[in-house]
Amino acid sequence: MDDFGSRVRALLTERGISLRATARALTYDPAYLSRVINGRQRPSEALAAALDGLLEADGALVSLAAPEVHPPESSAERATDVEGDIAHMRASVAHLLAHDNRYGSTAVAPAAVQVWRAEQRKLDRGTVPDRARAGYLSAVAELAEIAGWLLFDSRQWDASRTAFLESHLLARQAGDRAMEWFALDMLAMHDVQTGRAGEALRIADELLTGLRVPPRIALLARVRRGRALAQVGDHRRALNALEGARAGLEESISPRDPAWAWWVNDTEITGHEGEALLAAGEARAAIPTLQRALELASVHFPAGRGTLYYSVALLSAYATTHAWRECEATLVSINTLLETVTSERSRDRLRTTLRVMARQPDAPPALLDLARHTAEAS
1 MDDFGSRVRA
11 LLTERGISLR
21 ATARALTYDP
31 AYLSRVINGR
41 QRPSEALAAA
51 LDGLLEADGA
61 LVSLAAPEVH
71 PPESSAERAT
81 DVEGDIAHMR
91 ASVAHLLAHD
101 NRYGSTAVAP
111 AAVQVWRAEQ
121 RKLDRGTVPD
131 RARAGYLSAV
141 AELAEIAGWL
151 LFDSRQWDAS
161 RTAFLESHLL
171 ARQAGDRAME
181 WFALDMLAMH
191 DVQTGRAGEA
201 LRIADELLTG
211 LRVPPRIALL
221 ARVRRGRALA
231 QVGDHRRALN
241 ALEGARAGLE
251 ESISPRDPAW
261 AWWVNDTEIT
271 GHEGEALLAA
281 GEARAAIPTL
291 QRALELASVH
301 FPAGRGTLYY
311 SVALLSAYAT
321 THAWRECEAT
331 LVSINTLLET
341 VTSERSRDRL
351 RTTLRVMARQ
361 PDAPPALLDL
371 ARHTAEAS
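Numbered per my numbering, the sequence shown finishes at 378, counting up by one with no gaps.
Right under this line is the structure:
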């Protein structure tokens, strides 16, 4: 792990980022991060992927953190094959997510499905040794979850839901409680997006009433609950739920929080607060919140998927309030992002917002021309 720590230290120095700022940006405990960087503790796969994305290492940190796979010995060839498959799955997850953060999901969603289905077939054929099955199930569950997320961002709703359901089943069979929680959270997210508020509320309640549910999982459940309540028009309780999530974010990360929860940070909560205000018909109040979410997202990937997502959300708020000058400035930046980011979820929302703008009689002609150009590019 010396190579990993040395590389991280060099990148932090090169980027001018302090350890404390890194811990704050990734919502990790500074002491844990210090132990990892100084070679006293092995990094989790999630931390390696998070650092790789933050420091724009293009997969180098993920590769350095990956478990070493030795050539097989003749007496244990099959066991080593299984270990190699699991290592490949873990590395695939990190690379797929790194691409998604930078360029969006559309191009890599088919690759994620391909890797997931290939490994799923090995399970279905019963060729995985019993002693390795739990770890294999867990790794395939994570692949299914990542495929589900990428399909979700690509607006392939049915395929995404199938992947999340499969991930939940595999995680349960593996006895991987943390991955079960992840799959349930993703299902609740999917429900909010596709109008299944009732199911989202049931999932949130299940997570919030479970025994020994880690703080970050409870926080996410409050977020999904808040968004679902906003969807059914219960705006006061929606904002209360999100306030509870915000309060939970201020607490230190618990050792019981799963490694995958690294992305639950200020950007995530701020964005959901802005979206809930939009759903409540309070677009003017949503604007500063969405501006803050965009600012936070742009720190890590100024031209990435998150930046496009929050730019489009902010454009929606500006259009609702007829803030035409701000619409124009935002559209200019969005056009640049569209050259490289292929998130179909954001592009579809953009097209919807542009159609709304086109129907406004007081929208300036120059803005409408820019909107038409943007619609063609999207």
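Where a beta carbon is used, it is the ideal one built from N, C-alpha and C, also for glycine.
| Asked | Found |
| --- | --- |
| Straight-line gap, V141 to A261 (C-alpha atoms, nearest Å) | Sequence check: residue 141 is Ala here, not Val. For A141 and A261, the distance between alpha carbons rounds to 16 angstroms. |
| Three-state secondary structure assigned by DSSP to Y28 | coil |
| Pairwise C-alpha distance: R256 and T307 | 30 angstroms |
| Pair within 8 angstroms by beta-carbon distance, A197 and D191 | yes |
| Inter-residue spacing [alpha-carbon to alpha-carbon] between L368 and R359 | 10 angstroms |
| Candidates A109, E328 and R349: closest to A363 by CA position | E328 |
| Inter-residue Cα distance where the pair is Y309 and A285 | 19 angstroms |
| Secondary structure of E282, DSSP reduced to three states | coil |
| Enclosing alpha helix (DSSP H) for N335 [first to last residue] | W324 to L337 |
| Alpha-carbon spacing of S167 relative to S6, whole angstroms | 35 angstroms |
| Distance between D266 and L151 (C-alpha atoms, nearest Å) | 25 angstroms |
| Classification of L249 by the beta-carbon crowding that lies within 10 angstroms, buried from 16 upward | buried |
| Contact under 8 angstroms by Cβ, A238 with A276 | yes |
| First through last residue of the alpha helix (DSSP H) which encompasses T353 | E344 to A358 |
| DSSP-derived helix/strand/coil call for Q41 | coil |
| Alpha helix (DSSP H) segment containing G135, residue limits | D130 to D153 |
| Local conformation of E250 per DSSP, three classes | coil |
| DSSP state of S311 mapped onto helix, strand, coil | helix |
| For L137 and A174, believed in contact at Cβ under 8 angstroms, the rounded distance | 4 angstroms |
| Alpha-carbon to alpha-carbon, S44 and A65 | 8 angstroms |
| Rounded C-alpha distance that separates A98 from D58 | 8 angstroms |
| Neighbourhood of S105 by C-beta distance below 7 angstroms, restricted to the same chain and skipping five residues each side | L150, D153, S154 and S343 |
| Residues of its chain near D52, where Cβ-Cβ distance is below 8 angstroms and the 5 sequence neighbours each way are ignored | D58, G59, A60, L61, V62, A94 and A98 |
| First and last residue of the uninterrupted alpha helix (DSSP H) at F182 | R177 to T194 |
| Own chain partners of T330 with C-beta closer than 7 angstroms, once the 5 adjacent residues on each side are dropped | S311, L314, L315 and Y318 |
| Option in A163, M89 and P365 with minimal Cα separation from V115 | M89 |
| Of the listed residues N335, I334 and A375, nearest to T352 (C-alpha basis) | A375 |
| Nearest-angstrom beta carbon gap, R15 and I37 [assumed within contact, 8 angstroms] | The Cβ separation is near 14 angstroms, so there is no contact. |
| Where A76 falls, given that 16 or more other Cβ within 10 Å makes a residue buried | In this prediction, A76 scores a pLDDT of 39, lower than 50, which makes its location untrustworthy; the coordinate-derived value is nonetheless stated afterwards. A76 should be labelled exposed. |
| E180 burial status per 10 Å Cβ neighbour count (16 or more: buried) | buried |
| Sub-8 angstroms separation of A228 and L201 beta-carbons | yes |
| Cβ pair S378, R347 closer than 8 angstroms | yes |
| Supposed contact pair N101 and R345 - C-beta distance, whole angstroms, cut 8 angstroms | Not quite, the Cβ-Cβ distance comes to about 14 angstroms (not below 8 angstroms), so this is no contact. |
| Run of the alpha helix (DSSP H) containing E166, from where it starts to where it stops | W157 to A174 |
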